[in-house]
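In our numbering, the protein residues as written are 2 to 247.
Positions of the beta carbon are idealized from the N, C-alpha and C atoms, including for glycine.
Down below is the structure, laid out as structure tokens.
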């Protein structure tokens with residue numbers, strides 16, 4: 002039943018909102034900031050309804066750690082629901098760095114662009130460099146971003162190694178990084194065989210922010226491993242999966 006509710010709403014939302022998207026594209030020609038503001042508002046309430054229909058009982062901790070400036074959220078990645086959880090609990094309504102394949106889904110990719118999402122072709126170095134530049138510019142313009150340095154949803158007990166270059170947006174924009182630990186979001190979908198959504202109690206924990214420039218030299222060289230170990234400790238301290246430190 003939850004499958005029908007969640008997927009049915011997603012389909013109706015994407016189709017019925019086509020006129021709104023077209024209006025936003027026109028607005029974006031003259032006022033990109035207004036386009037993003039309106040787009041993020043529509044997506045926020047769409048995500049809120051989807052999480053309600055999915056039966057998500059969300060626990061949020063550490064939200065007071067999020068500074069009142071644009072940030073780069075760096076998170077582990079367990080589930081499709083992670084995107085909804087981060088967008089709706091952070092208070093920032095951030096954009097996301099997504100794999101380039103997501104740009105191949107009509108209607109969905111429109112709305113991703115309406116909330117400042119960027120698409121990364123992991124096989125193309127030029128794409129990666131351009132994504133860093135575009136992400137840094139968005140942060141400088143006042144928009145927070147999210148990146149999941151594992152590169153994909155991970156269903157293993159251990160986190161995948163964080164890509165070291167994934168934090169370059171924060172370095173180039175000189176913005177704080179906020180580590181994020183997401184726990185038990187996969188129990189709502191990915192943990193079950195097939196595609197079967199059930200209610201769950203995911204946790205989103207926001208860690209203390211830091212600037213890459215403030216790290217010790219060796220930690221700056223391995224910033225991906227540095228933040229991964231922070232997230233690892235956050236997960237374990239809240240009863241999540243055990244992972245080996247990098």
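Exercise. Can you find a heavy atom of the ligand NAD that lies under 8 angstroms from the Cβ of residue 38?
Worked result: Of ligands this structure carries none, so the ligand NAD is not represented either.
Exercise. Once you ignore the five residues that flank residue 3 on each side, which residues in its own chain have a CB closer than 7 angstroms to its CB?
Worked result: Short of 7 angstroms from the beta carbon of residue 3, and not among the five residues preceding or following it, lie these beta carbons of its own chain, in chain order: 54, 55, 56, 198 and 199.
Exercise. Apart from the five residues just before and just after residue 36, which ones in its own chain have a Cβ nearer than 6 angstroms to its Cβ?
Worked result: Close CB contacts of residue 36 within its chain, under the 6 angstroms cut and outside five residues either way in sequence, are with 25, 28 and 29 (chain order).
For this session: Indicate whether the contact test is met: 3 or more Cβ pairs, each with one atom in the segment 38-49 and one in the segment 227-237, closer than 8 angstroms.
Result: Segments in contact, no.
Exercise. What first and last residue would you give for the alpha helix (DSSP H) that runs through residue 82?
Worked result: For residue 82, the enclosing alpha helix (DSSP H) begins and ends at 82-90.
Exercise. If you follow the alpha helix (DSSP H) that residue 210 is part of, which residue opens it and which one closes it?
Worked result: No residue range can be given for residue 210, since it is assigned to no alpha helix (DSSP H) and is classified by DSSP as neither H nor E.
For this session: Thinking residue 206 and residue 182 are a contact (beta carbons under 8 angstroms), I'd like their distance in whole angstroms, please.
Result: The C-beta distance from residue 206 to residue 182 rounds to 4 angstroms, short enough to meet the 8 angstroms contact threshold.
For this session: Inspect the CB distances between the segment 213-232 and the segment 108-128 and report whether three or more fall short of 8 angstroms.
Result: Too few Cβ pairs lie closer than 8 angstroms, so no.
Problem set entry | Cβ neighbours of residue 231 in the same chain (closer than 8 angstroms, five flanking residues each side left out) | The beta carbon of residue 231 is closer than 8 angstroms to those of 180 and 208 in its chain, skipping five residues each way along the sequence.
For this session: Closer than 8 angstroms by C-beta to residue 70: which residues in its own chain qualify, once you throw out the five before and the five after it? Chain order, please.
Result: 176 and 177, listed in sequence order.
For this session: Compute the Euclidean distance between the alpha carbons of residue 202 and residue 169, then round it to the nearest angstrom.
Result: When rounded, the distance between both Cα atoms is 32 angstroms.
For this session: Under 8 angstroms by Cβ, that's how I've got residue 154 and residue 78 pegged, so tell me the actual separation to the nearest angstrom.
Result: In this structure residue 154 is in contact with residue 78, their Cβ atoms being roughly 5 angstroms apart against a cut-off of 8 angstroms.
Problem set entry | Beta-carbon proximity list for residue 83, same chain, < 6 angstroms, skipping 5 on both sides | Same-chain partners within the cutoff: 183 and 186.
For this session: Say whether the segment 4-19 touches the segment 58-68, bearing in mind that this needs 3 or more beta-carbon pairs closer than 8 angstroms, one atom from each stretch.
Result: Because the criterion of three Cβ pairs below 8 angstroms is not met, the segment 4-19 and the segment 58-68 do not touch.
For this session: List the endpoints of the continuous alpha helix (DSSP H) containing residue 33.
Result: Counting along the chain, the alpha helix (DSSP H) containing residue 33 begins and ends at 33-55.
Exercise. Distance, Cα to Cα, residue 114 vs residue 219?
Worked result: Rounded to whole angstroms, residue 114 to residue 219 spans 36 angstroms at the Cα level.
For this session: Return helix, strand or coil for residue 101, following the three-state DSSP convention.
Result: Reduced to three states, the DSSP call for residue 101 is helix.
For this session: Between the Cα of residue 119 and those of 132, 125 and 126, spot the shortest distance and give me the residue it belongs to.
Result: Here the closest residue by C-alpha is 132.
For this session: Look up residue 235 in the DSSP assignment and say whether it is helix, strand or coil.
Result: Three-state DSSP puts residue 235 in a helix.
Exercise. Which of helix, strand or coil does DSSP assign to residue 1?
Worked result: This structure cannot settle anything about residue 1, because the visible part of the chain is limited to 2 through 247.
Exercise. Is residue 87 buried or exposed, if buried means 16 or more other CB atoms sit within 10 Å of its CB?
Worked result: In this structure residue 87 is buried. Its beta-carbon is surrounded by 16 or more other beta-carbon atoms within 10 angstroms.
For this session: Return the first residue and the last residue of the alpha helix (DSSP H) that residue 132 is part of.
Result: Note, residue 132: alpha helix (DSSP H), 126-141.
Exercise. Are the CB atoms of residue 256 and residue 167 nearer to each other than 9 angstroms?
Worked result: Shown here, the chain extends from 2 to 247; a query on residue 256 therefore has no answer.
For this session: Return the chain-ordered list of same chain residues with a C-beta closer than 7 angstroms to the C-beta of residue 143, the five sequence neighbours on each side being excluded.
Result: Within the same chain, and ignoring the five residues on either side of residue 143 in sequence, the residues whose Cβ sits closer than 7 angstroms to its Cβ are 71.
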